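In case it helps, my numbering puts the sequence shown at residues 19 to 247.
Think of the CB as a built atom: it goes at the ideal place given N, C-alpha and C, for glycine as much as any other residue.
Just so it is clear, the structure is predicted and the values come from calculations on it, not from any experiment.
Structure first, commentary second.
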Amino acid sequence: MKQLVLDMGLAKGPSLSNFCVGPNAAALDHLQLWLGQPGKAGTARSPVPTYLWGPGGCGKSHLLRAVSSALQGQGQRVGWLDATTSVADEFDATWAAVLMDDVHAFDVAQQQAAFNWFVNAQTQQIAVLAAGSLPPADLKLRDDLRTRLGWGHVFALQTLDDTQRREVLRASAQTRGIALSDEVMDFMLTRFSRDLGSLMELLDLMDGYALQTQRAITIPLIKTMMDNA
């Protein structure tokens, strides 16, 4: 049962279609327009950089990874740099885009790599899509990198409030033929991580476990599921 529960709980990869948009429709629309029509590897894309910023759980990393996945699904390659990257790759002119996540946490070496990538990307007319927790002007980064991050499209993302989280959870459950009671949603929002990505993973897990055990989704079922995880 433990392995079964863990398998059910594997997260689906981020995509633009499974992004819970809430108040962030402008950023999603922009990225969908930038990506163009799927399958057209030669689609001309604007080289103007895009910067997403907002608090943890607002979906900025989800969107960057969704763009990366979409481009790779079209057979294209991307450059990826985040705060966990120990040694950055050399810039590659064949990249379809340069993606940089958690730029607010870049150390000196990562900032140098990011600046190098940015300059080369601008020369090659390749777009840079980046994300951080702060608006460009407030980033504690070297000036030449900070100003470049802020000169293109900038979107401030917002986290969903509890009402919006409940609406998204209820709608997602309904598409699966599940009725989530207010009691169950109260339990989910008070006993588990409140960011929407984690809540959607929990819903996946609950759905699979309920189907496997042929039981309705209730608080006792959730407790039993977690005891067996």
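Option nearest residue i by Cα separation, candidates the options
i, options, result
"Thr112", "Thr141, Pro41, Asp180", "Thr141"
"Val96", "Ala145, Leu49, Gly170", "Ala145"
"Ala15", "Met244, Arg194, Thr181, Pro65", "Residue 15 is absent from the model: the chain starts at 19 and stops at 247."
"Leu117", "Tyr227, Tyr69, His48, Ser199", "Tyr69"
"Thr181", "Met244, Gly195, Leu207", "Leu207"
"Asp120", "Pro154, Leu49, Leu89, Arg184", "Pro154"
"Arg63", "Val126, Gln50, Arg212", "Gln50"
"Phe37", "Asp200, Leu82, Trp52, Leu53", "Leu82"
"Ser190", "Ser199, Met218, Arg209", "Met218"
"Gln143", "Arg209, Ser35, Pro67, Leu220", "Pro67"
"Phe210", "Gln192, Gln230, Ala228, Ile240", "Ile240"
"Thr102", "Thr165, Leu46, Ala127", "Ala127"
"Gly31", "Pro238, Thr242, Ser216", "Ser216"
"Arg183", "Arg212, Arg166, Asp156", "Arg212"
Where residue i sits in the DSSP three-state scheme
i, result
"Val66", "coil"
"Ala155", "helix"
"Trp113", "coil"
"Ala149", "strand"
"Leu221", "helix"
"Val39", "coil"
"Ile237", "helix"
"Gly93", "coil"
"Leu229", "helix"
"Asn246", "coil"
"Leu34", "coil"
"Leu99", "strand"
Distance CB(residue i)-CB(residue j) smaller than 9 Å
i, j, result
"Pro136", "Arg160", "It should be pointed out that residue 136 corresponds to Phe in this sequence rather than to Pro. No; because the gap between Cβ atoms is not below 9 Å, this pair is not in contact."
"Gly72", "Gln176", "yes"
"Leu150", "Lys78", "The identity of residue 150 in the sequence shown is Gly, whereas the question assumes Leu. Yes. Within cutoff."
"Val202", "Thr236", "yes"
"Ala123", "Leu99", "no"
"Ala148", "Phe109", "no"
"Ala88", "Ser33", "yes"
"Ala91", "Leu214", "Position check: residue 91 holds Gly in this sequence, whereas Ala was assumed. No, Cβ-Cβ distance for Gly91 and Leu214 is not below 9 Å."
"Arg188", "Leu178", "no"
"Asp225", "Ile196", "yes"
"Gln173", "Ala44", "For the sequence presented, residue 173 should be read as Phe rather than Gln. Yes, the Cβ-Cβ distance between Phe173 and Ala44 is below 9 Å."
"Gln129", "Leu163", "yes"
Margin query: Going residue by residue through the region 158-195, where are the continuous beta strand (DSSP E) segments of at least 3 residues, counting only ones entirely within it?
Written below: 171-174
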